[in-house]
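Student: So the number in my numbering is just where the residue sits in the sequence shown, counting from 1, plus 6.
Ideal placement from N, C-alpha and C gives every residue a C-beta, glycine not left out.
Below you will find the structure I want to go over with you.
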Amino acid sequence: FYISLEDDLMRIFGAERLQRMMEWLKIPEDEPIQHRMVSRSIEDSQTRVEAQNFDIRKNLLEYDDVMNLQRKTIYKLRRQVLEGYYSGDETLEIDPAAAAGAPAKKGGLLSKPKGPPVVSGPWTIEKLGDRIRPWVERIMGAFQMLARKRAALAAGMNIEDPATVLPEVEFTKMGIEPRLVTHELYRHFGAVVNLEEELTQGRQACVDRAVKEIAASLIQQRERMFDLIDELVGNIVIEHCPPDVHPEDWKIDDLVDDIEEVFGQRIEIGEDLALDPDTYAEHIFTHLEKSLMAKEDSMGTIQFLFYARHYYLDEIDGRWIEHLRRMDHLREGIGLRGYAQKDPKLEYKKEGYRMFIEMTEEIKRNVAERVSGIEIAEQVEELPEYEHKTMATRAVAQGGGGQARPVNLDGSEKSKKVELRHVLKRIPRNGPCPCGSGKKYKICHWRKDEAAVKKGELPEWYQG
C-alpha cells in the first residue's frame with residue numbers, strides 16, 4: 007500500500023528526518039521507497055498511535071464506569087418499583103474512593119429486612135390474601151367466560167342472544183396466553199405474576215398462586231413506601247439536629263418547617279421530649295405513619311399503593327434524565343481540576359457520587375411530598391380499585407400541596423376555582439409568591455391560599 011509522508015500518522019510521529027533525507031537526495035515525491043528505515047518509521051508510528059488510542063479508550067472507560075454503576079443501580083430500583091418487588095437491601099456499588107468525604111446518612115428507625123418482607127403494619131400475606139381472593143376469583147372467572155364465548159363463536163352460536171347457552175370449557179384448555187393473565191393481574195394489583203405452569207393445573211392452582219404472589223408483592227410495596235418515609239425523616243432530623251452539635255444549637259424550628267414542607271403536616275417538637283435525634287425522629291414518624299395509614303384506609307390499600315408506585319416511577323424518570331444532563335456538564339469541565347493538582351478522574355467519581363446521592367434523596371423527598379398530598383373527595387366502599395367505574399379521587403400530581411377533588415364544576419366562577427387549583431399545584435413552595443412580595447410562597451401566601459381553596463374562595467392575589 008502507499009502512504010504519504012504528509013499523512014497524519016507520519017507527520018505526527020517523526021517523518022521529518024526521512025523527509026529531509028529525501029529532499030537532500032532529491033528523490034522525486036512520487037518515487038516508491040522500499041527501505042528498512044522507512045518500514046521501521048511506519049511501524050513505530052503505528053505502535054505509538056495504537057498506544058495513544060488505547061490510553062484514550064481506557065480513559066473513557068474509567069469515566070463510563072462511574073455512570074455504568076449509577077445506571078445499574080437506578081435501573082434496578084426502577085424495575086423493582088415497576089414490578090412491585092422490594093427486598094430492603096438496595097445499595098449502590100461504588101468505588102470507596104468516590105464515597106470518601108461524602109456526608110453520612112442516618113437512615114431510618116425501622117429495621118429493614120434482609121429479604122422481602124412478609125409483614126407490613128396490620129397486614130400479613132395470609133390476611134391480605136383472604137381480602138383479595140374474591141377479586142382474583144372474579145378475574146379468573148372472566149377469562150373462563152372469555153374462553154366459553156370463543157368456543158361458542160367457533161361453533162357458530164349467537165353469543166348476543168340471551169337464550170344462548172354457552173358451552174363449558176375446561177380451565178386447563180382455555181387457550182388463554184399466560185401473558186394476558188399476567189397483564190390483567192398487574193393492571194389491577196401492580197404485581198407481576200407468572201401463571202404459565204398453573205394454567206395447565208387448573209383454576210384453583212392459578213387462584214392460590216396468584217393470591218399468594220399478589221399479597222406478597224403488595225406487602226413489599228407498602229413496606230417500601232413506609233421505609234422511604236422513615237429514612238427521609240431520619241435524614242431530615244440529622245440535618246437539623248446533628249449528634250455532634252450541642253442541643254442548644256439544634257435548629258428545631260427549621261426541622262418543624264422542613265417536615266411541614268415535605269409532608270404537609272406541622273408536627274411540633276415539645277419540650278417534654280428527650281434531647282435526642284432518635285426520639286425526635288420516632289415522634290415525627292409516628293405521627294406521619296398514623297396519617298398515611300388513615301389515608302390508606304380511606305382509599306384502599308391497592309389504590310394507595312397505585313399512586314405511590316406511579317409517583318415513584320415518575321420521579322425516577324424525571325430526576326434521572328436531569329441527572330444525566332448534569333453529569334454531562336460535569337464531565338465537560340472536570341479536566342480543569344487538573345490545574346489545581348487534582349486527579350480529574352477521581353474528582354469526577356467523587357462529584358458523580360455526590361450528585362447521585364443528591365438525586366436519590368430528591369426522588370425520595372418528592373415521592374413523600376406527593377404521596378402525603380393525596381386527598382380523597384369522598385368515602386368509597388371496600389376495594390373500589392377493582393370496580394370499572396369513574397372514581398371521585400384525584401391525586402395531586404405536583405408537590406402534593408393542593409386538594410384532591412372530583413372535577414364536576416360548571417359556570418364561570420366554578421371554572422375559575424378549577425383553574426386556580428391547577429395554578430396552585432404548579433407553584434413551588436420554595437418559589438417566589440405570585441403576589442409579588444418577593445418572599446417565598448410557603449412563607450407568604452401558601453397557608454392563606456390553602457385555607458381559601460378549602461372554603462371555596464379565591465385568594466386575594468388571584469386576578470383570573
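Name the one or two DSSP bridge partners that residue 438 has.
Tutor: Here the question's residue 438 lines up with position 432 in the sequence shown. DSSP lists 446 as partners of residue 438.
Student: Report, in whole angstroms, the separation of the C-beta atoms of residue 373 and residue 321, which I expect to be a contact under 8 Å.
Tutor: As a first step, residue 373 must be located in the sequence shown, where it is residue number 367. As a first step, residue 321 must be located in the sequence shown, where it is residue number 315. Residue 373 to residue 321, Cβ: 5 Å. Contact.
Student: What span of residues does the alpha helix (DSSP H) with residue 451 cover, start to end?
Tutor: One-based indexing of the sequence shown puts residue 451 at position 445. No alpha helix (DSSP H) contains residue 451, which DSSP labels as neither H nor E.
Student: Evaluate the contact criterion for the segment 168-183 versus the segment 270-284: three or more CB pairs, one atom per stretch, below 8 Å.
Tutor: These segments do not touch.
Student: Please determine if the segment 317-334 and the segment 355-370 are in contact, where contact requires at least 3 C-beta pairs separated by less than 8 Å.
Tutor: The answer is yes - the segment 355-370 touches the segment 317-334, with three or more Cβ pairs under 8 Å.
Student: I need the DSSP call for residue 413, collapsed to helix, strand or coil.
Tutor: Here the question's residue 413 lines up with position 407 in the sequence shown. Note that residue 413 has pLDDT 31, beneath the 50 cutoff, so the model's placement of it is unreliable and the number below is only indicative. Note: residue 413 maps to coil in three-state DSSP.
Student: Going by the beta-carbon positions, is the gap between residue 293 and residue 273 smaller than 7 Å?
Tutor: The sequence position of residue 293 within the sequence shown is 287, counting from 1. The sequence position of residue 273 within the sequence shown is 267, counting from 1. Yes, the Cβ-Cβ distance between residue 293 and residue 273 is below 7 Å.
Student: Would residue 229 pass as a contact of residue 126 if the rule is Cβ separation under 7 Å?
Tutor: Translated into the one-based positions of the sequence shown, residue 229 becomes position 223. Translated into the one-based positions of the sequence shown, residue 126 becomes position 120. Yes; because the gap between Cβ atoms is below 7 Å, this pair is in contact.
Student: Please list, in chain order, all residues of the same chain as residue 351 whose beta carbon is under 6 Å from its beta carbon, the five residues on each side excluded.
Tutor: Here residue 351 corresponds to residue number 345 of the sequence shown, with the count starting at 1. Excluding sequence neighbours, residue 351 sits near 68.
Student: Taking the alpha carbon of residue 77 as the reference point, which residue from 239, 438, 333 has its own alpha carbon closest?
Tutor: Counting from one through the sequence shown, the residue named residue 77 turns up at place 71. With distances taken between Cα atoms, residue 77 lies closest to 333.
Student: Taking Cβ positions, are residue 204 and residue 215 nearer each other than 7 Å?
Tutor: Here residue 204 corresponds to residue number 198 of the sequence shown, with the count starting at 1. Here residue 215 corresponds to residue number 209 of the sequence shown, with the count starting at 1. Contact: yes.
Student: Enumerate in chain order the residues of its own chain whose CB-to-CB distance from residue 318 is below 7 Å, with the five nearest sequence positions on each side excluded.
Tutor: By one-based count along the sequence shown, residue 318 stands at place 312. Answer for residue 318: 87, 373, listed in chain order.
Student: How close, in whole Å, do the beta carbons of residue 196 and residue 312 come, if the pair is a contact with beta carbons under 8 Å?
Tutor: Here residue 196 corresponds to residue number 190 of the sequence shown, with the count starting at 1. Here residue 312 corresponds to residue number 306 of the sequence shown, with the count starting at 1. 6 Å between Cβ atoms; contact.
Student: I need the DSSP call for residue 126, collapsed to helix, strand or coil.
Tutor: In the sequence shown, the residue the question calls residue 126 occupies position 120. In this structure, residue 126 counts as strand in the three-state DSSP scheme.
Student: Suppose the cutoff is 8 Å on Cβ atoms and the five residues either side in sequence are ignored; what does the same chain contact list for residue 150 look like?
Tutor: Counting from 1 along the sequence shown, the entry for residue 150 is found at position 144. Once the five neighbours on either side are set aside, the close Cβ partners of residue 150 are 175, 177, 180, 209.
Student: Put residue 381 into one of helix, strand or coil per three-state DSSP.
Tutor: As a working note, residue 381 is residue 375 in the sequence shown. Note: residue 381 maps to strand in three-state DSSP.
Student: Between the alpha carbons of residue 315 and residue 153, how many angstroms are there, rounded?
Tutor: In the sequence shown, the residue the question calls residue 315 occupies position 309. In the sequence shown, the residue the question calls residue 153 occupies position 147. Residue 315 and residue 153: Cα-Cα distance of roughly 32 Å.
Student: Report the rounded CA-to-CA distance for residue 226 versus residue 123, giving the unit in angstroms.
Tutor: Along the sequence shown, one-based indexing puts residue 226 at 220. Along the sequence shown, one-based indexing puts residue 123 at 117. Those two C-alpha atoms are separated by around 6 Å.
Student: Using CA atoms only, rank isn't needed, just tell me which of 31, 173, 211, 50 is closest to residue 142.
Tutor: Working through the sequence shown from its first residue, we reach residue 142 at position 136. Measuring from the Cα of residue 142, the nearest candidate turns out to be 211.
Student: Going along the chain, which unbroken runs of the beta strand (DSSP E) with 3 or more residues stay wholly within the segment 189-249?
Tutor: Listed in chain order, there is nothing to give.
Student: Quick one: which unbroken alpha helix (DSSP H) runs of 4-plus residues sit fully inside the segment 246-299? Chain order, please.
Tutor: DSSP runs (the alpha helix (DSSP H)) wholly in the segment 246-299: 258-269.
Student: Would you identify the three-state DSSP class for residue 180, choosing helix, strand or coil?
Tutor: Along the sequence shown, read from residue 1 onward, the residue named residue 180 stands at position 174. Residue 180: coil per DSSP, three-state reduction.
Student: Mapping the DSSP letters down to three states, classify residue 93 as helix, strand or coil.
Tutor: On the sequence shown, position 87 is the one that residue 93 refers to. Residue 93 falls in the coil class under three-state DSSP.
Student: Which residue marks the beginning of the alpha helix (DSSP H) containing residue 321, and which one marks its end?
Tutor: Position 315 of the sequence shown, counted from the start, is the residue given in the question as residue 321. Looking at the DSSP string, the run of the alpha helix (DSSP H) that includes residue 321 is 307-339.
Student: Taking the alpha-carbon positions, what's the residue 335 to residue 358 distance?
Tutor: Numbered from its first residue, the sequence shown carries residue 335 at position 329. Numbered from its first residue, the sequence shown carries residue 358 at position 352. So the alpha carbons of these two residues sit roughly 11 Å apart.
Student: Determine whether the beta carbon atoms of residue 145 and residue 183 lie at a separation below 7 Å.
Tutor: Within the sequence shown, residue 145 is the residue found at index 139, counting from 1. Within the sequence shown, residue 183 is the residue found at index 177, counting from 1. In this structure, residue 183 does not lie closer than 7 Å to residue 145 by Cβ.
Student: Per DSSP, what kind of secondary structure is residue 348 in: helix, strand or coil?
Tutor: As a position in the sequence shown, residue 348 is number 342, starting the count at 1. Reduced to three states, the DSSP call for residue 348 is coil.
Student: Rounded C-beta distance between residue 219 and residue 199? I'm assuming under 8 Å.
Tutor: In the sequence shown, counting from the first residue as 1, residue 219 sits at position 213. In the sequence shown, counting from the first residue as 1, residue 199 sits at position 193. Indeed, because the Cβ distance is near 4 Å, the residues count as touching under 8 Å.
Student: Whole angstroms are fine: how far does the CA of residue 445 sit from the CA of residue 248?
Tutor: In the sequence shown, the residue the question calls residue 248 occupies position 242. In the sequence shown, the residue the question calls residue 445 occupies position 439. Each residue's Cα considered, the two are about 28 Å apart.
Student: Rank 310, 252, 330 by C-alpha distance to the C-alpha of residue 299 and give the top, closest one.
Tutor: Taking the sequence shown and counting its residues from 1, the one referred to as residue 299 is at position 293. If we check each option's Cα against that of residue 299, 310 comes out closest.
Student: What does a CB cutoff of less than 7 Å around residue 504 pick up in its chain, not counting 5 residues either side in sequence?
Tutor: Absent from the model: residue 504. The displayed extent of the chain is 7 to 470, so no value can be given.
Student: What is the DSSP secondary structure of residue 53, counted as helix, strand or coil?
Tutor: Numbered from its first residue, the sequence shown carries residue 53 at position 47. DSSP places residue 53 in helix when its eight states are reduced to three.
Student: Can you tell me the Cα-Cα spacing of residue 443 and residue 437, whole angstroms?
Tutor: On the sequence shown, residue 443 is found 437 positions in, with the first residue counted as 1. On the sequence shown, residue 437 is found 431 positions in, with the first residue counted as 1. Roughly 12 Å separates the two Cα atoms.
Student: Looking at residue 217: is its Cβ nearer than 7 Å to the Cβ of residue 137?
Tutor: The residue you call residue 217 lines up with position 211 of the sequence shown. The residue you call residue 137 lines up with position 131 of the sequence shown. Taking 7 Å as the Cβ cut-off, residue 217 and residue 137 do not qualify as a contacting pair.
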